[in-house]
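Colleague:
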Amino acid sequence: MGYMSGFMTAYLRQSWPLYLIVIVIFGTGILLGSLGVNTLPPEQTKDLQNYLQSFLAQAAEIEVDRAQMVKGTLYDNLLVGLVIYILGLTIICLPLVLALIFFRGFVLGFTIGFLTAYPDWREFMIVFISMLPQNLLFIPALIISGAAALSFSMRLVRRLYNSQTQIGPQFAGYSLIMVGCVLVFALAALAEGYITPELTKLLASLLANG
């Protein structure tokens, strides 16, 4: 237990610049995604608005197949975790992991940008709540896994130039961190399937009766 605590302390001390880089890339994706809403053609904007209106009109009564939703989201989340883990085992990790993190930030930013352009605050709150529970879990796990992958990949690069660089303990630590992140990804899928629909229906009912 003491070894693991010391390892994590040393890891965080050495890796905080990577966390900063990942957070900046993710934040840049959110910013550009929110600005990207303004580049949509009017017909696509209208289609999205119609889809959103349909969702909001049925939010209080909508029934979803929770098991199927969890299954689909779990597959997507675990695929993200697996891809990041595999990329961390290569020396080409840096551009690909950062591109993946930027893309996830862009998608989130696009959604937020579209919502903030919506005039009705009650409708905004319904959609916001429908996104919140899973992202409270998914986003921190994404940032941690991305930084861990970059850290281990850079360790592999250093080993190319110095055969004395140790890999074994760092590989064990990297794998342990990724297992933890994958578990959080799984929890995010469960939250999206079982918590988010109930919160969305509850809020929609309260606002409809308010």
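Residue 1412 is where the sequence shown starts when you use the working numbering, and the numbers rise one by one after that.
Where is the CB? At the ideal position from N, CA and C, for every residue including glycine.
1) Cβ atoms of residue 1495 and residue 1560: under 8 Å apart, would you say?
2) CA-CA distance, residue 1557 and residue 1508?
3) Which stretch, first to last residue, makes up the alpha helix (DSSP H) that contains residue 1574?
4) On the three-pair Cβ rule with 8 Å, is the segment 1521-1528 touching the segment 1572-1581?
5) By a C-beta neighbour count over all protein chains shown, 10 Å radius and 16 as the cutoff for buried, is residue 1486 buried or exposed?
6) Which residue marks the beginning of the alpha helix (DSSP H) containing residue 1510, and which one marks its end?
7) Are there 16 or more other CB atoms within 10 angstroms of the CB of residue 1478, so buried, or fewer, so exposed?
8) Apply the 10 Å Cβ neighbour rule to residue 1510 and answer buried if 16 or more other Cβ atoms are within range, or exposed otherwise.
9) Can you tell me the Cα-Cα spacing of residue 1616 and residue 1610, whole angstroms?
10) Could you spell out where the alpha helix (DSSP H) holding residue 1476 opens and where it closes?
11) Going by beta-carbon coordinates alone, are residue 1548 and residue 1598 separated by less than 8 Å?
12) Determine the burial state of residue 1454: buried for a count of at least 16 other Cβ atoms within 10 Å of its Cβ, exposed for fewer.
13) For my contact list, residue 1484 and residue 1604 are in at a C-beta cut-off of 8 Å; report their separation, rounded to the angstrom.
14) State buried or exposed for residue 1569, treating a residue as buried only when at least 16 other CB atoms are found within 10 Å of its CB.
15) When DSSP labels each residue in this structure, what does residue 1501 get in the three-state scheme?
16) How big is the Cα-Cα spacing for residue 1480 and residue 1491?
Modeller: Answer, in terms of the structure:
1) As a first step, residue 1560 must be located in the sequence shown, where it is residue number 149. As a first step, residue 1495 must be located in the sequence shown, where it is residue number 84. Result yes, Cβ atoms of residue 1560 and residue 1495 sit closer than 8 Å.
2) Reading the sequence shown from its first residue, position 146 is the one you call residue 1557. Reading the sequence shown from its first residue, position 97 is the one you call residue 1508. So the alpha carbons of these two residues sit roughly 6 Å apart.
3) The sequence position of residue 1574 within the sequence shown is 163, counting from 1. From DSSP, residue 1574 is part of no alpha helix (DSSP H); its letter is neither H nor E.
4) no
5) By one-based count along the sequence shown, residue 1486 stands at place 75. The residue in question, residue 1486, is exposed, as its Cβ has fewer than 16 Cβ neighbours within 10 Å.
6) For the purposes of this step, residue 1510 is taken as the residue at position 99 of the sequence shown. Segment 1504-1527, the alpha helix (DSSP H) holding residue 1510.
7) Here residue 1478 refers to the residue found at position 67 when the sequence shown is read from its first residue. Counting Cβ neighbours within 10 Å, residue 1478 comes out exposed, since fewer than 16 surround it.
8) The sequence position of residue 1510 within the sequence shown is 99, counting from 1. With fewer than 16 Cβ atoms within 10 Å of its Cβ, residue 1510 is classed as exposed.
9) Residue 1616 sits at position 205 when you count from the first residue of the sequence shown. Residue 1610 sits at position 199 when you count from the first residue of the sequence shown. If you take the alpha carbons of residue 1616 and residue 1610, they lie about 10 Å apart.
10) Start at 1 with the first residue of the sequence shown, and residue 1476 comes out as number 65. No alpha helix (DSSP H) holds residue 1476; DSSP gives it neither H nor E.
11) Mapped onto the sequence shown, residue 1548 falls at position 137. Mapped onto the sequence shown, residue 1598 falls at position 187. The answer is yes: Cβ separation under 8 Å.
12) Working through the sequence shown from its first residue, we reach residue 1454 at position 43. Burial call: exposed.
13) Within the sequence shown, the letter at position 73 stands for residue 1484. Within the sequence shown, the letter at position 193 stands for residue 1604. The Cβ separation is near 6 Å, so the contact holds.
14) Walking along the sequence shown from the start, residue 1569 turns up at place 158. Under this definition residue 1569 is an exposed residue.
15) Start at 1 with the first residue of the sequence shown, and residue 1501 comes out as number 90. In the structure shown, residue 1501 sits in coil (DSSP, three-state: anything other than H, G, I, E or B).
16) If you number the sequence shown from 1, residue 1480 lands on position 69. If you number the sequence shown from 1, residue 1491 lands on position 80. Their Cα atoms are separated by approximately 17 Å.
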